[in-house]
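Reading through the structure tokens given below for one structure.
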Amino acid sequence: MIKVLIVNGPNLNLLGTREPEVYGVVTLSDIEELVRERAGMRNAEVSFFQSNHEGAIVDALHDAAGSCDAVVLNPGALTHYSYSLRDAVASIGIPVVEVHLSNVAAREEFRATSIVAPVCAGQISGFGAESYLLGLEAALSVLGRRP
Ligand code: DQA
């Protein structure tokens with residue numbers, strides 16, 4: 001069975017109460033439930049990791065290389081400045097799909113740049129919790145296209 005790790009970066013543990021006008025009121029555990037349900041429909045296995053610490057996320061990506069087929073990653077603000085995260089994504093040899101709840105291209109200028117996007121399989125941004133479901137579908141699609 002295909003295994004996909006869903007990784008969330010800084011402050012995403014606060015979803016539900018964090019800037020609801022931007023991110024809505026859905027919580028991270030609501031999102032996990034939705035993703036788990038979709039994964040069940042696709043015969044895939046999902047696991048979840050969230051950290052507010054850059055190094056812990058780098059470690060989780062390294063671990064995923066040996067235990068998962070793909071990663072769906074919302075790096076939070078690390079998206080915009082973390083070279084170590086970018087290098088980790090580039091190093092692990094499995095596809096990583098970058099996702100965002102908000103449309104990062106339509107917000108402050110600094111959010112329009114993603115340091116990790118060039119080494120990801122692709123980016124999905126702006127669809128709220130649905131971004132994670134689209135991210136899962138994209139990861140499965142990329143894996144399906146692999147020889
Ligand atoms: C975010 C967008 C980032 O710019 C921000 O720092 C976040 C959340 C999103 O999902 O829309 O923490 O990744």
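Position 57 of the sequence shown, counting from 1, maps to 57 under the working numbering, and the rest follow consecutively.
Beta carbons are placed, not taken as given, at the ideal position from N, Cα and C, and that holds for glycine.
| query | What residues in its chain sit with their C-beta under 7 Å from that of residue 28, if we drop five residues either side in the sequence? | reply | Excluding positions up to five away in sequence, the list reads 8, 12, 13, 15, 50.
| query | Which same chain residues, not among the five before or five after residue 62, have their C-beta less than 7 Å away from its C-beta? | reply | Excluding the 5 residues flanking it on each side, residue 62 has same chain C-beta neighbours closer than 7 Å at 88, 92, in chain order.
| task | Go to residue 73, then tell me how far its beta strand (DSSP E) extends in each direction, as first and last residue. | result | Taken as a continuous stretch (DSSP letters only), the beta strand (DSSP E) holding residue 73 covers 70 to 74.
| query | If you check the beta carbons only, do residue 70 and residue 139 fall under 8 Å apart? | reply | Yes; because the gap between Cβ atoms is below 8 Å, this pair is in contact.
| task | Indicate whether the contact test is met: 3 or more Cβ pairs, each with one atom in the segment 96 to 103 and one in the segment 118 to 134, closer than 8 Å. | result | The way I'd put it, the segment 96 to 103 does touch the segment 118 to 134; three or more beta-carbon pairs between them come closer than 8 Å.
| query | Secondary structure at residue 34, three-state DSSP: helix, strand or coil? | reply | Residue 34: helix per DSSP, three-state reduction.
| said: According to DSSP, simplified to helix, strand and coil, what is residue 96? | reply: Here residue 96 sits in strand by DSSP.
| Which residues mark the beginning and the end of the beta strand (DSSP E) in which residue 9 is found? | First-last for residue 9: undefined, no H or E at that position.
| message | Is any non-hydrogen atom of the ligand DQA found closer than 7 Å to the C-beta of residue 17, if you look at the structure I gave you? | response | Not under cutoff, so the answer is no.
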